[in-house]
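J.:
Numbering (our numbering), first residue to last: 13 to 309.
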(Lines of atoms letter the chains of each structure in order from A and count residues from 1; the text may use other names and numbers.)
(Lines give C-alpha, C1' and ligand atoms only; values in the text may rest on other atoms or scores of the structure.)
Protein backbone atom coordinates (compact mmCIF):
# COMPACT_ATOMS: atom_id res chain seq x y z
CA UNK A 1 0.00 0.00 0.00
CA UNK A 2 2.78 2.43 0.88
CA UNK A 3 4.54 1.72 -2.40
CA UNK A 4 1.27 2.25 -4.28
CA UNK A 5 0.72 5.56 -2.50
CA UNK A 6 4.27 6.65 -3.24
CA UNK A 7 3.87 5.69 -6.88
CA UNK A 8 0.68 7.72 -7.12
CA UNK A 9 2.33 10.67 -5.40
CA UNK A 10 5.31 10.55 -7.77
CA UNK A 11 2.99 10.28 -10.76
CA UNK A 12 0.96 13.23 -9.51
CA UNK A 13 4.04 15.35 -8.97
CA UNK A 14 5.34 14.44 -12.42
CA UNK A 15 2.01 15.36 -14.00
CA UNK A 16 1.97 18.64 -12.09
CA UNK A 17 5.51 19.46 -13.16
CA UNK A 18 4.66 18.64 -16.76
CA UNK A 19 1.60 20.89 -16.60
CA UNK A 20 3.62 23.76 -15.14
CA UNK A 21 6.18 23.29 -17.90
CA UNK A 22 3.45 23.28 -20.50
CA UNK A 23 2.00 26.48 -19.03
CA UNK A 24 5.38 28.22 -19.20
CA UNK A 25 5.80 27.11 -22.81
CA UNK A 26 2.26 28.25 -23.51
CA UNK A 27 2.85 31.76 -22.17
CA UNK A 28 5.99 32.04 -24.27
CA UNK A 29 3.97 30.87 -27.27
CA UNK A 30 1.22 33.42 -26.63
CA UNK A 31 3.72 36.29 -26.79
CA UNK A 32 5.32 36.18 -30.25
CA UNK A 33 8.73 37.72 -30.80
CA UNK A 34 8.13 40.99 -32.69
CA UNK A 35 9.55 41.04 -36.22
CA UNK A 36 9.92 44.28 -38.19
CA UNK A 37 11.81 42.81 -41.11
CA UNK A 38 10.63 41.92 -44.59
CA UNK A 39 9.63 43.90 -47.65
CA UNK A 40 9.15 47.64 -47.42
CA UNK A 41 6.67 49.63 -49.55
CA UNK A 42 9.56 51.35 -51.34
CA UNK A 43 10.76 47.91 -52.50
CA UNK A 44 7.56 47.58 -54.51
CA UNK A 45 7.36 51.30 -55.40
CA UNK A 46 4.19 51.69 -53.35
CA UNK A 47 3.18 55.19 -52.16
CA UNK A 48 2.44 54.04 -48.62
CA UNK A 49 2.58 56.24 -45.58
CA UNK A 50 3.14 55.17 -41.98
CA UNK A 51 0.18 55.71 -39.68
CA UNK A 52 -0.60 54.95 -36.04
CA UNK A 53 -4.10 53.77 -35.20
CA UNK A 54 -5.83 53.86 -31.81
CA UNK A 55 -6.36 50.33 -30.49
CA UNK A 56 -8.10 48.64 -27.60
CA UNK A 57 -7.04 49.49 -24.07
CA UNK A 58 -5.04 52.52 -25.12
CA UNK A 59 -2.78 50.53 -27.44
CA UNK A 60 -1.32 51.93 -30.66
CA UNK A 61 -1.27 49.95 -33.87
CA UNK A 62 1.29 50.61 -36.58
CA UNK A 63 0.07 50.40 -40.18
CA UNK A 64 0.93 51.27 -43.74
CA UNK A 65 -1.81 53.08 -45.61
CA UNK A 66 -2.16 53.38 -49.36
CA UNK A 67 -4.86 55.86 -50.43
CA UNK A 68 -6.65 54.85 -53.59
CA UNK A 69 -4.85 55.87 -56.80
CA UNK A 70 -5.85 59.27 -58.16
CA UNK A 71 -8.44 59.15 -60.90
CA UNK A 72 -7.52 60.31 -64.36
CA UNK A 73 -8.10 64.01 -65.19
CA UNK A 74 -11.63 64.67 -66.35
CA UNK A 75 -13.15 61.74 -64.46
CA UNK A 76 -15.70 62.61 -61.77
CA UNK A 77 -14.58 62.15 -58.16
CA UNK A 78 -15.69 58.90 -56.60
CA UNK A 79 -15.31 57.17 -53.27
CA UNK A 80 -13.00 54.17 -53.55
CA UNK A 81 -13.44 50.70 -52.08
CA UNK A 82 -10.92 49.84 -49.36
CA UNK A 83 -9.29 46.60 -48.22
CA UNK A 84 -7.69 45.83 -44.86
CA UNK A 85 -4.98 43.15 -44.96
CA UNK A 86 -4.15 41.41 -41.67
CA UNK A 87 -1.06 39.22 -41.24
CA UNK A 88 -0.88 35.96 -39.33
CA UNK A 89 0.85 34.90 -36.11
CA UNK A 90 4.38 36.29 -35.87
CA UNK A 91 3.98 38.29 -39.09
CA UNK A 92 3.88 42.01 -39.73
CA UNK A 93 2.65 44.52 -42.28
CA UNK A 94 5.22 43.42 -44.86
CA UNK A 95 3.72 39.93 -45.11
CA UNK A 96 0.90 40.95 -47.45
CA UNK A 97 2.59 43.78 -49.36
CA UNK A 98 2.52 41.89 -52.70
CA UNK A 99 -1.25 41.51 -52.31
CA UNK A 100 -1.49 45.20 -51.40
CA UNK A 101 0.26 46.11 -54.65
CA UNK A 102 -2.27 44.17 -56.74
CA UNK A 103 -5.25 45.62 -54.86
CA UNK A 104 -3.93 49.16 -55.04
CA UNK A 105 -3.26 48.87 -58.77
CA UNK A 106 -6.91 47.81 -59.18
CA UNK A 107 -8.11 51.05 -57.57
CA UNK A 108 -8.50 50.14 -53.90
CA UNK A 109 -7.32 51.98 -50.83
CA UNK A 110 -5.33 49.51 -48.74
CA UNK A 111 -4.49 49.38 -45.03
CA UNK A 112 -1.93 46.96 -43.57
CA UNK A 113 -2.05 47.10 -39.75
CA UNK A 114 0.12 45.19 -37.31
CA UNK A 115 -1.64 43.42 -34.46
CA UNK A 116 -0.55 44.04 -30.88
CA UNK A 117 2.74 42.35 -29.99
CA UNK A 118 3.59 42.22 -33.69
CA UNK A 119 5.85 44.45 -35.76
CA UNK A 120 5.96 47.97 -34.37
CA UNK A 121 2.60 47.93 -32.58
CA UNK A 122 2.14 48.18 -28.81
CA UNK A 123 3.51 45.37 -26.66
CA UNK A 124 1.88 43.96 -23.60
CA UNK A 125 0.01 40.89 -22.40
CA UNK A 126 -0.77 37.92 -24.57
CA UNK A 127 -1.78 37.66 -28.21
CA UNK A 128 -4.85 35.67 -29.20
CA UNK A 129 -7.52 35.29 -31.84
CA UNK A 130 -9.95 37.58 -29.92
CA UNK A 131 -7.24 40.27 -29.66
CA UNK A 132 -6.44 39.97 -33.37
CA UNK A 133 -10.17 40.54 -33.97
CA UNK A 134 -10.20 43.58 -31.65
CA UNK A 135 -7.28 45.10 -33.54
CA UNK A 136 -8.98 44.35 -36.85
CA UNK A 137 -12.13 46.16 -35.75
CA UNK A 138 -10.12 49.18 -34.57
CA UNK A 139 -8.38 49.32 -37.93
CA UNK A 140 -11.65 48.98 -39.86
CA UNK A 141 -13.12 51.87 -37.86
CA UNK A 142 -10.13 54.03 -38.82
CA UNK A 143 -10.20 52.97 -42.46
CA UNK A 144 -13.89 53.76 -42.86
CA UNK A 145 -13.28 57.35 -41.75
CA UNK A 146 -10.56 58.16 -44.29
CA UNK A 147 -11.22 60.79 -47.00
CA UNK A 148 -11.94 59.24 -50.36
CA UNK A 149 -12.94 55.86 -48.89
CA UNK A 150 -16.39 54.42 -49.44
CA UNK A 151 -17.42 53.19 -45.95
CA UNK A 152 -19.97 50.87 -47.56
CA UNK A 153 -17.26 49.12 -49.58
CA UNK A 154 -14.93 47.93 -46.84
CA UNK A 155 -13.33 44.51 -47.23
CA UNK A 156 -11.09 42.51 -44.89
CA UNK A 157 -8.54 39.87 -45.88
CA UNK A 158 -6.55 37.89 -43.34
CA UNK A 159 -3.93 35.16 -43.32
CA UNK A 160 -3.92 32.22 -40.87
CA UNK A 161 -4.93 33.52 -37.41
CA UNK A 162 -5.57 36.85 -39.16
CA UNK A 163 -8.03 34.97 -41.38
CA UNK A 164 -9.74 33.47 -38.33
CA UNK A 165 -10.01 37.00 -36.93
CA UNK A 166 -11.59 38.20 -40.17
CA UNK A 167 -14.22 35.46 -39.90
CA UNK A 168 -14.86 36.31 -36.25
CA UNK A 169 -15.38 39.99 -37.10
CA UNK A 170 -17.53 39.11 -40.12
CA UNK A 171 -19.82 37.14 -37.79
CA UNK A 172 -20.55 40.13 -35.56
CA UNK A 173 -19.98 43.32 -37.57
CA UNK A 174 -22.46 44.86 -39.97
CA UNK A 175 -21.21 46.86 -42.92
CA UNK A 176 -18.42 44.67 -44.29
CA UNK A 177 -18.77 44.24 -48.03
CA UNK A 178 -16.80 41.00 -48.06
CA UNK A 179 -14.27 38.87 -46.19
CA UNK A 180 -11.36 36.84 -47.56
CA UNK A 181 -9.85 34.06 -45.46
CA UNK A 182 -6.44 32.74 -46.53
CA UNK A 183 -5.27 29.54 -44.80
CA UNK A 184 -7.61 29.78 -41.81
CA UNK A 185 -7.74 26.90 -39.35
CA UNK A 186 -11.13 25.37 -38.59
CA UNK A 187 -10.92 25.17 -34.80
CA UNK A 188 -8.41 26.41 -32.17
CA UNK A 189 -8.71 23.08 -30.34
CA UNK A 190 -7.24 21.32 -33.36
CA UNK A 191 -4.46 23.91 -33.62
CA UNK A 192 -3.58 23.37 -29.97
CA UNK A 193 -3.67 19.60 -30.37
CA UNK A 194 -1.16 19.87 -33.21
CA UNK A 195 0.96 22.32 -31.16
CA UNK A 196 0.97 20.01 -28.15
CA UNK A 197 1.71 16.91 -30.24
CA UNK A 198 4.74 18.66 -31.76
CA UNK A 199 6.03 19.12 -28.19
CA UNK A 200 5.20 15.54 -27.20
CA UNK A 201 2.57 16.62 -24.68
CA UNK A 202 -0.22 14.02 -24.47
CA UNK A 203 -3.67 15.46 -25.03
CA UNK A 204 -5.21 13.74 -22.01
CA UNK A 205 -4.94 14.79 -19.32
CA UNK A 206 -2.27 17.46 -19.87
CA UNK A 207 -3.25 18.81 -23.29
CA UNK A 208 -6.91 19.10 -22.38
CA UNK A 209 -6.01 20.98 -19.18
CA UNK A 210 -3.68 23.32 -21.09
CA UNK A 211 -6.43 24.13 -23.59
CA UNK A 212 -8.89 24.95 -20.85
CA UNK A 213 -6.22 27.17 -19.26
CA UNK A 214 -5.76 28.96 -22.61
CA UNK A 215 -9.49 29.63 -22.73
CA UNK A 216 -9.28 31.29 -19.31
CA UNK A 217 -6.27 33.38 -20.36
CA UNK A 218 -7.87 34.67 -23.58
CA UNK A 219 -11.34 35.03 -22.06
CA UNK A 220 -13.16 33.02 -24.71
CA UNK A 221 -14.22 29.44 -25.32
CA UNK A 222 -12.69 27.83 -28.37
CA UNK A 223 -16.09 26.59 -29.53
CA UNK A 224 -17.40 30.18 -29.63
CA UNK A 225 -14.54 31.74 -31.62
CA UNK A 226 -13.70 28.84 -33.92
CA UNK A 227 -14.11 29.58 -37.63
CA UNK A 228 -16.36 26.51 -37.72
CA UNK A 229 -18.75 28.52 -35.53
CA UNK A 230 -18.20 32.01 -36.96
CA UNK A 231 -18.27 31.31 -40.70
CA UNK A 232 -21.92 30.17 -40.71
CA UNK A 233 -22.82 33.47 -38.98
CA UNK A 234 -20.91 35.70 -41.42
CA UNK A 235 -22.92 38.80 -42.35
CA UNK A 236 -21.17 39.28 -45.70
CA UNK A 237 -19.92 37.14 -48.60
CA UNK A 238 -16.80 35.10 -47.77
CA UNK A 239 -14.02 33.71 -49.95
CA UNK A 240 -11.94 30.88 -48.46
CA UNK A 241 -8.55 30.26 -50.11
CA UNK A 242 -6.29 27.42 -49.03
CA UNK A 243 -3.11 25.75 -50.29
CA UNK A 244 -3.37 22.11 -51.21
CA UNK A 245 0.09 21.43 -49.76
CA UNK A 246 -0.35 23.44 -46.55
CA UNK A 247 1.62 21.57 -43.88
CA UNK A 248 0.68 23.97 -41.05
CA UNK A 249 -3.09 24.05 -41.45
CA UNK A 250 -4.20 20.99 -43.43
CA UNK A 251 -6.45 21.50 -46.45
CA UNK A 252 -9.02 19.36 -44.64
CA UNK A 253 -9.61 22.32 -42.29
CA UNK A 254 -10.76 24.45 -45.23
CA UNK A 255 -12.96 21.70 -46.60
CA UNK A 256 -14.62 21.19 -43.23
CA UNK A 257 -15.16 24.95 -42.96
CA UNK A 258 -16.84 25.07 -46.34
CA UNK A 259 -18.98 22.03 -45.51
CA UNK A 260 -20.12 23.73 -42.28
CA UNK A 261 -20.85 27.12 -43.86
CA UNK A 262 -24.60 26.76 -43.38
CA UNK A 263 -26.42 29.67 -44.96
CA UNK A 264 -23.28 31.79 -45.31
CA UNK A 265 -22.47 33.04 -48.78
CA UNK A 266 -19.10 31.33 -48.94
CA UNK A 267 -16.87 29.96 -51.67
CA UNK A 268 -13.78 27.75 -51.37
CA UNK A 269 -10.83 28.02 -53.73
CA UNK A 270 -8.09 25.39 -53.47
CA UNK A 271 -4.72 26.32 -54.99
CA UNK A 272 -1.35 24.65 -55.21
CA UNK A 273 0.92 25.99 -52.50
CA UNK A 274 1.70 25.94 -48.79
CA UNK A 275 0.81 27.95 -45.72
CA UNK A 276 2.94 30.99 -46.50
CA UNK A 277 2.22 31.35 -50.21
CA UNK A 278 0.83 29.90 -53.41
CA UNK A 279 2.74 28.51 -56.37
CA UNK A 280 0.97 31.00 -58.65
CA UNK A 281 0.34 34.20 -56.64
CA UNK A 282 -1.23 35.89 -59.66
CA UNK A 283 -3.98 33.25 -59.68
CA UNK A 284 -4.83 34.00 -56.06
CA UNK A 285 -4.75 37.76 -56.67
CA UNK A 286 -7.06 37.45 -59.68
CA UNK A 287 -9.52 35.39 -57.62
CA UNK A 288 -9.54 37.98 -54.83
CA UNK A 289 -10.08 40.86 -57.27
CA UNK A 290 -12.95 38.98 -58.93
CA UNK A 291 -14.51 38.40 -55.51
CA UNK A 292 -14.17 42.08 -54.55
CA UNK A 293 -15.90 43.08 -57.79
CA UNK A 294 -18.73 40.72 -56.95
CA UNK A 295 -17.94 38.40 -59.83
CA UNK A 296 -17.36 34.67 -59.91
CA UNK A 297 -14.10 33.11 -58.74
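By construction, the Cβ of each residue, glycine as well, lies at the ideal position given by its N, Cα and C atoms.
Pull up the CB-CB distance for residue 237 and residue 141, whole angstroms please, since I reckon it's below 8 Å.
T.: Mapped onto the chain shown, residue 237 falls at position 225. Mapped onto the chain shown, residue 141 falls at position 129. Yes, residue 237 and residue 141 are in contact; Cβ-Cβ is about 5 Å, under 8 Å.
J.: Does DSSP put residue 288 in a helix, a strand or coil?
T.: For this step, residue 288 is matched to residue 276 along the chain shown. Three-state DSSP puts residue 288 in coil, outside helix and strand.
J.: So is residue 185 buried or exposed if we call it buried at 16+ other beta carbons inside 10 Å?
T.: Indexing the chain shown from 1 puts residue 185 at position 173. Residue 185 comes out buried.
J.: Quick one: residues in its chain with C-beta nearer than 8 Å to the C-beta of residue 149, no 5 flanking neighbours on either side, listed in chain order?
T.: Position 137 of the chain shown, counting from 1, holds the residue named residue 149. Cβ neighbours of residue 149 beyond the five flanking positions: 181, 185.
J.: For residue 179, I'd like the list of residues in its chain whose CB is within less than 6 Å of its CB, leaving aside the five on either flank, ordered along the chain.
T.: By 1-based counting over the chain shown, the position of residue 179 is 167. Answer for residue 179: 193, 239, 242, 243, listed in chain order.
J.: Looking at the strands, I want to know which residues DSSP matches up with residue 102.
T.: Sequence index remark: in the chain shown, residue 102 carries index 90 (1-based). Answer is none; residue 102 lacks a bridge partner.
J.: Quick one, which of 153, 292, 107 has its alpha-carbon nearest residue 188's?
T.: For the purposes of this step, residue 188 is taken as residue 176 along the chain shown, with counting starting at 1. Ranking the options by Cα distance to residue 188, first place goes to 153.
J.: Could you please give me the residues that DSSP links to residue 62 through a beta bridge?
T.: Taking the chain shown and counting its residues from 1, one reaches residue 62 at position 50. According to DSSP, which records beta bridges pairwise, residue 62 is partnered with 76.
J.: Are residue 162 and residue 93 close, meaning C-beta to C-beta below 8 Å?
T.: Your numbering for residue 162 matches position 150 in the chain shown. Your numbering for residue 93 matches position 81 in the chain shown. Closer than 8 Å, so yes.
J.: Quick check on this structure: which residue in 138, 113, 272 has the alpha carbon closest to the alpha carbon of residue 45?
T.: Start at 1 with the first residue of the chain shown, and residue 45 comes out as number 33. Considering only alpha carbons, the answer is 138.
J.: Please list the terminal residues of the continuous alpha helix (DSSP H) segment that includes residue 196.
T.: Numbered from its first residue, the chain shown carries residue 196 at position 184. Here residue 196 belongs to no alpha helix (DSSP H), and DSSP marks it neither H nor E.
J.: Does DSSP put residue 126 in a helix, in a strand, or in coil?
T.: Here the question's residue 126 lines up with position 114 in the chain shown. It is coil, neither helix nor strand.
J.: Where does residue 300 sit, in a helix, a strand or coil, going by DSSP?
T.: Walking along the chain shown from the start, residue 300 turns up at place 288. Looking at residue 300 - three-state DSSP - the assignment turns out to be helix.
J.: In the DSSP output, what is residue 278 paired with across the bridge?
T.: Mapped onto the chain shown, residue 278 falls at position 266. Its beta-bridge partners are 250.
J.: Using 10 angstroms around the beta-carbon of residue 55, count the other beta-carbons present and answer buried if the total reaches 16, otherwise exposed.
T.: Position 43 of the chain shown holds residue 55. The residue in question, residue 55, is exposed, as its Cβ has fewer than 16 Cβ neighbours within 10 Å.
J.: Quick one: what does DSSP say residue 238 is sitting in, helix, strand or coil?
T.: Locating residue 238 in the chain shown gives position 226, where the first residue counts as 1. Coil.
J.: Is it buried or exposed for residue 82, if we count other Cβ within 10 angstroms and need 16 for buried?
T.: Residue numbering aside, residue 82 sits at position 70 when the chain shown is read from its first letter. With fewer than 16 other Cβ atoms within 10 Å, it is exposed.
J.: I'd like to check one pair, residue 302 with residue 246: are the Cβ atoms closer than 8 Å?
T.: Position 234 of the chain shown, counted from the start, is the residue given in the question as residue 246. Position 290 of the chain shown, counted from the start, is the residue given in the question as residue 302. Contact: no.
J.: Of all the options 165, 102, 208, which has the alpha carbon lying nearest to the alpha carbon of residue 127?
T.: Position 115 of the chain shown, counted from the start, is the residue given in the question as residue 127. Closest option to residue 127, Cα to Cα, is 102.
J.: So, residue 125 versus residue 98, is the Cβ gap smaller than 8 Å?
T.: As a working note, residue 125 is residue 113 in the chain shown. As a working note, residue 98 is residue 86 in the chain shown. Yes. Within cutoff.
J.: Which whole-angstrom value describes the C-beta separation of residue 171 and residue 69, a residue pair presumed to lie in contact below a C-beta threshold of 8 Å?
T.: Within the chain shown, the letter at position 159 stands for residue 171. Within the chain shown, the letter at position 57 stands for residue 69. Rounded, the Cβ-Cβ distance is 24 Å, inconsistent with contact.
J.: Starting from the N-terminal side, write out each stretch of the alpha helix (DSSP H) that is 4 residues or longer and does not extend beyond the region 141 to 169.
T.: DSSP runs (the alpha helix (DSSP H)) wholly in the region 141 to 169: 141 to 156.
J.: So, with DSSP's three-state summary, where would you put residue 171?
T.: For this step, residue 171 is matched to residue 159 along the chain shown. If DSSP states are grouped into helix, strand and coil, residue 171 belongs with the strands.
J.: How many Å lie between residue 229 and residue 134 at the Cα?
T.: Taking the chain shown and counting its residues from 1, the one referred to as residue 229 is at position 217. Taking the chain shown and counting its residues from 1, the one referred to as residue 134 is at position 122. Rounded to the nearest angstrom, the two C-alpha atoms are 19 Å apart.
J.: If you draw a straight line from the C-alpha of residue 64 to the C-alpha of residue 74, how long is it?
T.: Mapped onto the chain shown, residue 64 falls at position 52. Mapped onto the chain shown, residue 74 falls at position 62. If you take the alpha carbons of residue 64 and residue 74, they lie about 5 Å apart.
J.: For residue 81, which of helix, strand or coil comes out of DSSP?
T.: Locating residue 81 in the chain shown gives position 69, counting from the first residue. In this structure, residue 81 counts as coil in the three-state DSSP scheme.
J.: Taking three-plus beta-carbon pairs below 8 Å as touching, is the region 249 to 256 in contact with the region 213 to 230?
T.: Flag = no, the region 249 to 256 and the region 213 to 230 do not touch.
J.: Across which residues does DSSP place residue 190 in a beta bridge pair?
T.: Your numbering for residue 190 matches position 178 in the chain shown. Answer is 167, bridged to residue 190.
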